[in-house]
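Remarks on the structure that follows.
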Amino acid sequence: MIDITSLSDAMAMLFTSFGPWLYVVPGILIGLFFGAVPGMQISMAMAIFLPLSMLMDFLQAILFLTAIFTGGAFGGGISAILMNIPGSSSAVATAFDGYPMTRLGHHNRALGLALGASAVGCLVGYMILFFLIQPMSLAVLKLGPVEMVVIALWGLTLIATLRGKYILRGLLAGSFGLVLSCFGFSLTGVQRGTFGSIYLMDGISIVPAMIGLFAASELFNLTSSSYLVEDEDSREISLKSICRGVLESFKHPVVLVRGSLLGTLIGAVPGVGSSIANIVSYSETKRRSKNPEQFGQGEPAGVIAAESANSSSEGGAMAALLALGLPGGAATAVMLAAFNMHNITGGPRFIRDNTDIVYSIIIGNLVQVFLLLILGVLFIRLLTNIVKVPLVYMIPSVLSLATFGAYGITGTLTGPLTVFVFAFLGWLMTRNNYPVAATVIGLLLGGMMEGELVRSMQISGGQWGYVLHRPIAMVFLFLLVFCSVVQPLYQKFKRRQQV
Amino acid sequence: MSVKNRAGGISLSHTVFLVIVIATSSFLFWDSWRSSAKFQNLILIAPMATTSILMALAILASHLLQKPVQKEKTKKQQSPQDLKKILLIIASFGFYTGFLTVIGFDIATFLFISATLWIQGKQKVIPLILYAFLFTLIVVLVFKFLLPYPMKTVVF
Numbered sequence: 037m038i039d040i041t042s043l044s045d046a047m048a049m050l051f052t053s054f055g056p057w058l059y060v061v062p063g064i065l066i067g068l069f070f071g072a073v074p075g076m077q078i079s080m081a082m083a084i085f086l087p088l089s090m091l092m093d094f095l096q097a098i099l100f101l102t103a104i105f106t107g108g109a110f111g112g113g114i115s116a117i118l119m120n121i122p123g124s125s126s127a128v129a130t131a132f133d134g135y136p137m138t139r140l141g142h143h144n145r146a147l148g149l150a151l152g153a154s155a156v157g158c159l160v161g162y163m164i165l166f167f168l169i170q171p172m173s174l175a176v177l178k179l180g181p182v183e184m185v186v187i188a189l190w191g192l193t194l195i196a197t198l199r200g201k202y203i204l205r206g207l208l209a210g211s212f213g214l215v216l217s218c219f220g221f222s223l224t225g226v227q228r229g230t231f232g233s234i235y236l237m238d239g240i241s242i243v244p245a246m247i248g249l250f251a252a253s254e255l256f257n258l259t260s261s262s263y264l265v266e267d268e269d270s271r272e273i274s275l276k277s278i279c280r281g282v283l284e285s286f287k288h289p290v291v292l293v294r295g296s297l298l299g300t301l302i303g304a305v306p307g308v309g310s311s312i313a314n315i316v317s318y319s320e321t322k323r324r325s326k327n328p329e330q331f332g333q334g335e336p337a338g339v340i341a342a343e344s345a346n347s348s349s350e351g352g353a354m355a356a357l358l359a360l361g362l363p364g365g366a367a368t369a370v371m372l373a374a375f376n377m378h379n380i381t382g383g384p385r386f387i388r389d390n391t392d393i394v395y396s397i398i399i400g401n402l403v404q405v406f407l408l409l410i411l412g413v414l415f416i417r418l419l420t421n422i423v424k425v426p427l428v429y430m431i432p433s434v435l436s437l438a439t440f441g442a443y444g445i446t447g448t449l450t451g452p453l454t455v456f457v458f459a460f461l462g463w464l465m466t467r468n469n470y471p472v473a474a475t476v477i478g479l480l481l482g483g484m485m486e487g488e489l490v491r492s493m494q495i496s497g498g499q500w501g502y503v504l505h506r507p508i509a510m511v512f513l514f515l516l517v518f519c520s521v522v523q524p525l526y527q528k529f530k531r532r533q534q535v
Numbered sequence: 030m031s032v033k034n035r036a037g038g039i040s041l042s043h044t045v046f047l048v049i050v051i052a053t054s055s056f057l058f059w060d061s062w063r064s065s066a067k068f069q070n071l072i073l074i075a076p077m078a079t080t081s082i083l084m085a086l087a088i089l090a091s092h093l094l095q096k097p098v099q100k101e102k103t104k105k106q107q108s109p110q111d112l113k114k115i116l117l118i119i120a121s122f123g124f125y126t127g128f129l130t131v132i133g134f135d136i137a138t139f140l141f142i143s144a145t146l147w148i149q150g151k152q153k154v155i156p157l158i159l160y161a162f163l164f165t166l167i168v169v170l171v172f173k174f175l176l177p178y179p180m181k182t183v184v185f
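Residue numbers (my numbering), protein chains in the order written: chain U, 37 to 535; chain B, 30 to 185.
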């Protein structure tokens, strides 16, 4: 499975000169900064610095962009933990327990846990990529449109049913997200719900909607508090607590390994991977926990599960990019652009002909994990100061930053207005116990689901029985029914018996 | 924001949300149908809009059929003063996002920060204006440098 000659060539490429490493540290810092600032996105950072990569050779460029990716994946977790603003869709589940930990004054510990889990997740993801890149690419090729639809539905149902008490509200939030994803042009070129406005033709801009639903809605609810962390003593920033948090993450090896494996496998699914991986890992950890009721209240295992999965999904996404030339999300799409700029096309032939470069990318990313640990600890200290900022200043400042970030994504007033509309919607939802995360995932996956549904119907000729001939789809369909019907009923039955 | 006894204990904010879901889903389904009734155009919107409307109606009905004895508990129980503050901030945020390109990013940001600080009780004029000015200056200059799009500004 490992080509020793190519491996030694890769080692020679990486360790005989300082050239390949020149842009790695700046890349991680850029990623950390963009990931941690509300409204900034990893993909945005990669897109901004993409032209710069033209001046580098291919390996330097890819290591620089993956460094931004690695730093950004953890950076997104920082804002999710400190401000309940997931820096990207892959950090959605980090906020579930990370933010409650901050509110309880455990922000240092939560950040340490996230950093430790991110480092392990990234390490496992690239190790798996190193050993299994070829079989993984073959497995991804077996996923057809039916499987993609069922996987997307499964992910959506998982998040909708996470909070056992309000399952119907969760399902409504998810299906409403799918409805909202239908605004704009359909695949067949039909305009839907645009009111004739050119700004709605592309549909609802997802990132501004996500900022509004998650961040702004939460900020409105904070007006009655003085600080993010009310207790003055707990506001202290302690490098010791952060490091203790990093070490504590290793005390949950099962959660770490499960999250990393799930992240890598699901991360390899083009289009849905990283958005779903963190949620699947989180819900699986909650399902297996002896204290599932602690999840959502500041449970450390929740942060570890989410962060290990979203960081390892980077390895999975790289597998799809390198082996098939398919981007798993916005960030890998930018990386694909870097491939094109250097006249390189991903795919089985690329792996066969350039195995040394593939190994160099993987080994380079393994080294980045250790750099992330060092830079992360230093950078976290700077960022945790946000808990010392009085909310009276933080609320308008973050709202304004999010507005500028949204404008940066769309380039028109559509972005800021989307933030506002979804902030109000999110406020109504959180006020009435609806999971906003389900609506975000619905919005994210709706476009892909519609396309895959159309393709499934075309392939099957409209025969519903077609799904019975797809074993992988049947497995996910079983999981879907199990998670949405069997498990909630069983838990209800158990609760009644306990009463 | 609670309608005690009148609607089986459902809060006004919950009713507003459910009405938004029903209205949006119905409109989008109708508009999609009107634009093209082809199966491929309705493959996602038809089942999802129907499901959303039915679920929203079910939630609404379950509240309306409840004995009207107590108001519905919302997640965050805020005092009327806090609620007033939140609604004022939402309104000022709405004006901010709506008028960014009309009065310029710098003026709009300065006014929004000042207004929100004032709503939250920071009524000492000098620190309020100083913070709003410095924040606006830094953010506008940084984003002007970072973003590839033109940003309308009046002062900076």
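Quick reminder that beta carbons are idealized off the backbone N, C-alpha and C, glycines included.
Near U/Thr193, what residues of its chain come up, given a Cβ to Cβ distance below 8 Å and the 5 sequence neighbours on each side ignored?
-> Along the first sequence, read from residue 1 onward, the residue named residue 193 of chain U stands at position 157. Counting only Cβ-Cβ distances below 8 Å, and skipping sequence neighbours, we find Leu207, Gly210, Leu516, Cys519 and Ser520.
Could you tell me whether the Cβ atoms of U/Ser42 and U/Thr391 are closer together than 8 Å?
-> Translated into the one-based positions of the first sequence, residue 42 of chain U becomes position 6. Translated into the one-based positions of the first sequence, residue 391 of chain U becomes position 355. Result yes, Cβ atoms of U/Ser42 and U/Thr391 sit closer than 8 Å.
What are the complete alpha helix (DSSP H) segments, minimum 4 residues, inside the segment 479-525 of chain U?
-> 507-517
Does any CB atom of chain U fall closer than 8 Å to the CB of B/Ile167?
-> As a working mapping, residue 167 of chain B is identified with position 138 in the second sequence. So, not an interface residue.
Show which residues of chain B have a CB atom less than 8 Å away from the CB atom of U/Leu437.
-> Sequence index remark: in the first sequence, residue 437 of chain U carries index 401 (1-based). Residues of chain B passing the Cβ test: Val168.
Is there contact here, the segment 209-229 of chain U with the segment 49-65 of chain B, by at least three beta-carbon pairs under 8 Å?
-> yes
Starting from U/Asn257, follow the alpha helix (DSSP H) in both directions and report where the run begins and ends.
-> Numbered from its first residue, the first sequence carries residue 257 of chain U at position 221. Residue range Ser253 to Asn257 is occupied by the alpha helix (DSSP H) that includes U/Asn257.
Compare the C-beta of B/Thr182 with all C-beta atoms of chain U and state if any pair is closer than 8 Å.
-> Residue mapping note: residue 182 of chain B aligns to position 153 of the second sequence, counting from 1. B/Thr182 does not count as touching chain U.
Listing by chain order, which chain U residues have their CB less than 7 Å from the CB of B/His43?
-> Position 14 of the second sequence, counting from 1, holds the residue named residue 43 of chain B. Going along chain U in sequence order, the residues near B/His43 (Cβ under 7 Å) are Asn468.
B/Gln152 at chain U interface by Cβ criterion, 8 Å | Residue numbering aside, residue 152 of chain B sits at position 123 when the second sequence is read from its first letter. Chain U contact via Cβ: absent.
Beta-carbon spacing of U/Leu149, U/Pro336 below 8 Å | Position 113 of the first sequence, counting from 1, holds the residue named residue 149 of chain U. Position 300 of the first sequence, counting from 1, holds the residue named residue 336 of chain U. The answer is yes: Cβ separation under 8 Å.
From which residue to which residue does the alpha helix (DSSP H) around B/Lys173 run?
-> As a working mapping, residue 173 of chain B is identified with position 144 in the second sequence. Val154 to Leu175 is the span of the alpha helix (DSSP H), which, as asked, contains B/Lys173.
Quick one: grab the DSSP three-state call for U/Ser79.
-> Start at 1 with the first residue of the first sequence, and residue 79 of chain U comes out as number 43. In this structure, U/Ser79 counts as helix in the three-state DSSP scheme.
Does DSSP classify B/Ser65 as helix, strand or coil?
-> The residue you call residue 65 of chain B lines up with position 36 of the second sequence. In the displayed model, B/Ser65 falls within coil according to three-state DSSP, outside both helix and strand.
Check U/Gln227 in the structure and name its three-state DSSP category.
-> Here the question's residue 227 of chain U lines up with position 191 in the first sequence. Of the three classes helix, strand and coil, the one that applies to U/Gln227 here is strand, per DSSP.
Separation of U/Val128 from B/Ile119, as counted between CA atoms | To locate residue 119 of chain B, count along the second sequence from 1; it is residue 90. To locate residue 128 of chain U, count along the first sequence from 1; it is residue 92. Answer to the nearest angstrom: the Cα atoms are 24 Å apart.
Sequence-distant residues of its chain with Cβ nearer than 7 Å to U/Ile197 (five each side left out) = Within the first sequence, numbered from 1, the residue matching residue 197 of chain U stands at position 161. Note on identity: in this sequence residue 197 of chain U is Thr, with Ile being the wrong assignment. For U/Thr197, where only same-chain residues beyond five positions count, the Cβ hits under 7 Å are Ile203, Gly206, Cys519, Ser520 and Pro524.
Apart from the five residues on each side of it in sequence, which residues of its chain come closer than 7 Å, Cβ to Cβ, to B/Phe58?
-> Counting from one through the second sequence, the residue named residue 58 of chain B turns up at place 29. Closer than 7 Å at the Cβ level, and outside the excluded window around B/Phe58, lie Ile74, Ala75 and Ala78.
Spatially closest choice to U/Ala131 from U/Ile387, U/Tyr318 and U/Ile169, by CA coordinates | Walking along the first sequence from the start, residue 131 of chain U turns up at place 95. Nearest option by C-alpha distance: U/Tyr318.
Among the residues of its own chain, which have a CB less than 7 Å from the CB of U/Ala373, if the five just before and after it don't count?
-> Stepping through the first sequence from its first residue, residue 373 of chain U is reached at position 337. Excluding residues within five positions, the ones whose Cβ falls inside 7 Å are Leu86.
Helix, strand or coil: how does DSSP classify B/Ser55 here?
-> The residue you call residue 55 of chain B lines up with position 26 of the second sequence. Residue state, collapsed to three classes: helix.
Closest residue to U/Gly447 among B/Phe185, B/Val171, B/Val183 and B/Tyr178 (Cα-Cα distance) | Mapped onto the first sequence, residue 447 of chain U falls at position 411. Here the closest residue by C-alpha is B/Tyr178.
Sequence-distant residues of its chain with Cβ nearer than 6 Å to B/Leu89 (five each side left out) = Here the question's residue 89 of chain B lines up with position 60 in the second sequence. Closer than 6 Å at Cβ, skipping near neighbours: Leu47.
Looking at the unbroken alpha helix (DSSP H) that takes in U/Tyr443, where does it start and where does it end?
-> In the first sequence, the residue the question calls residue 443 of chain U occupies position 407. Leu427 to Thr446 is the span of the alpha helix (DSSP H), which, as asked, contains U/Tyr443.
Give the secondary structure of B/Ser40 by DSSP, where H, G and I count as helix, E and B as strand, and everything else as coil.
-> What you label residue 40 of chain B is simply residue 11 of the second sequence in a count that begins at 1. If DSSP states are grouped into helix, strand and coil, B/Ser40 belongs with the strands.
Give a yes or no on whether the minimum CB-CB distance between B/Val32 and chain U is below 8 Å.
-> Residue numbering aside, residue 32 of chain B sits at position 3 when the second sequence is read from its first letter. Because B/Val32 carries a pLDDT of 43, less than 50, the predicted location of this residue cannot be relied on, and the following value inherits that uncertainty. Proximity of B/Val32 to chain U, defined by a Cβ-Cβ separation below 8 Å, is not satisfied.
Contact check, U/Arg145 vs U/Ser277 under 8 Å by CB: the rounded distance?
-> Taking the first sequence and counting its residues from 1, one reaches residue 145 of chain U at position 109. Taking the first sequence and counting its residues from 1, one reaches residue 277 of chain U at position 241. Confirmed, about 6 Å.
Would you identify the three-state DSSP class for U/Gly220, choosing helix, strand or coil?
-> Residue numbering aside, residue 220 of chain U sits at position 184 when the first sequence is read from its first letter. Looking at U/Gly220 - three-state DSSP - the assignment turns out to be strand.
Is it right to say U/Ile169 is buried, meaning 16 or more other beta carbons lie within 10 angstroms of its own, or is it exposed?
-> By one-based count along the first sequence, residue 169 of chain U stands at place 133. Buried, since its Cβ has 16 or more Cβ neighbours within 10 Å.
Three or more C-beta pairs below 8 Å linking the segment 461-470 of chain U and the segment 111-119 of chain U = no
Leaving aside the five residues before and after B/Met30 along the sequence, list all residues of the same chain whose C-beta is less than 7 Å from its C-beta, in chain order.
-> Taking the first residue of the second sequence as position 1, residue 30 of chain B is located at position 1. Residue placement at B/Met30 cannot be trusted, given a pLDDT of 47 that sits under 50; what the coordinates show is reported in the next sentence. Within the same chain, B/Met30 has close Cβ partners Ser40, Leu41, Ser42 and Leu112.
Is U/Ser79 close to chain B, meaning its C-beta is less than 8 Å from at least one C-beta of that chain?
-> Numbered from its first residue, the first sequence carries residue 79 of chain U at position 43. So, not an interface residue.
If you draw a straight line from the C-alpha of U/Ser154 to the C-alpha of B/Val131, how long is it?
-> The residue given as residue 154 of chain U occupies position 118 in the first sequence. The residue given as residue 131 of chain B occupies position 102 in the second sequence. Looking at the two C-alpha atoms, the distance is approximately 43 Å.
Along chain B, which residues have their Cβ under 7 Å away from the Cβ of U/Glu486?
-> In the first sequence, residue 486 of chain U corresponds to position 450, counting from 1. Those are Ile72 and Leu73, listed as they occur along chain B.
Grouping DSSP H, G and I as helix and E and B as strand, with all else coil, what is B/Met30?
-> Along the second sequence, one-based indexing puts residue 30 of chain B at 1. Confidence at B/Met30 is low in this model, with a pLDDT of 47, below 50, so the placement of that residue is unreliable and no value is reported for it.
Helix, strand or coil for B/Thr182, going by three-state DSSP, please let me know.
-> Position 153 of the second sequence, counting from 1, holds the residue named residue 182 of chain B. B/Thr182 carries a coil assignment under DSSP once its states are collapsed to helix, strand and coil.
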